[in-house]
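Below: one structure, written as structure tokens.
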Amino acid sequence: MKTLITYCTTHGCTEKTANELKQFLGGEVVLVNLKKEAVPELESFDRIIIGGSIHAGQIQKKVKDFCNQNLKKLQDKELGLFICCMEEGEKAEIQLQDAFPEILLRNAKATAYLGGEFNFNKMNFFQKLIVKKVAKVDNSVSKIDYDAIRHFSNQMNKIFNPFLFLV
């Protein structure tokens, strides 16, 4: 099985998460940062995983553009969708639903919110100021959910076999 993980990262959290996912997925896995690299032909992959981070309630424009430009091709693939965000529960679920086109969410084999980070070492002055004011956080913090990453990868690795129900 050949897997493509496309993602956007602003301060490195989504890249960490994509690399962690790669370790748990079977077969060949190719990582592509949409901000830095060209996307290979989607036809050469069996499954595609798309991820991005949420800032001010929105996923990166490059992730949205990738999804919209490849909507038909993505519907024909085994698909996984994830976000990195600092919200949990219902708020994180809403952000996940808002991040991707509805048709992709319906067709996805797995969806997840995998936690997030505030990395003050990679933020500029204004980003730090906003985080301090809005999130009430004044230093770096990581809430990457490694259990959620393993669960998401397990869902992606599951093979549907209708004959298992006959046993």
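In our numbering, the protein residues as written are 17 to 183.
The beta carbon of each residue, even a glycine, is placed where N, CA and C say it ideally should be.
Query, Result
"Quick check: the Cα distance between Q15 and S60, rounded to an integer number of angstroms?", "Here the chain covers residues 17 to 183 and nothing more, so residue 15 does not appear."
"Return the chain-ordered list of same chain residues with a C-beta closer than 6 Å to the C-beta of L121, the five sequence neighbours on each side being excluded.", "none"
"In the DSSP assignment, the alpha helix (DSSP H) including I21 goes from what residue to what residue?", "From DSSP, I21 is part of no alpha helix (DSSP H) but of the beta strand (DSSP E) over 18-23."
"Checking contacts by CB at 8 Å: is H27 closer than that to chain D?", "Structure shown: chain D not included; a single protein chain is present."
"Sorry if obvious, but does the Cβ on Q171 come closer than 7 Å to a heavy atom of the ligand HEM?", "Looking at this structure, you won't find the ligand HEM or any other ligand, since it has none at all."
"Just to confirm, is the Cβ distance from T22 to F116 under 8 Å?", "no"
"Find the nearest neighbour of K159 within the set T33, F40, K52, L58, judged by alpha-carbon distance.", "T33"
"With C-beta atoms as the reference, is L87 less than 8 Å away from A124?", "no"
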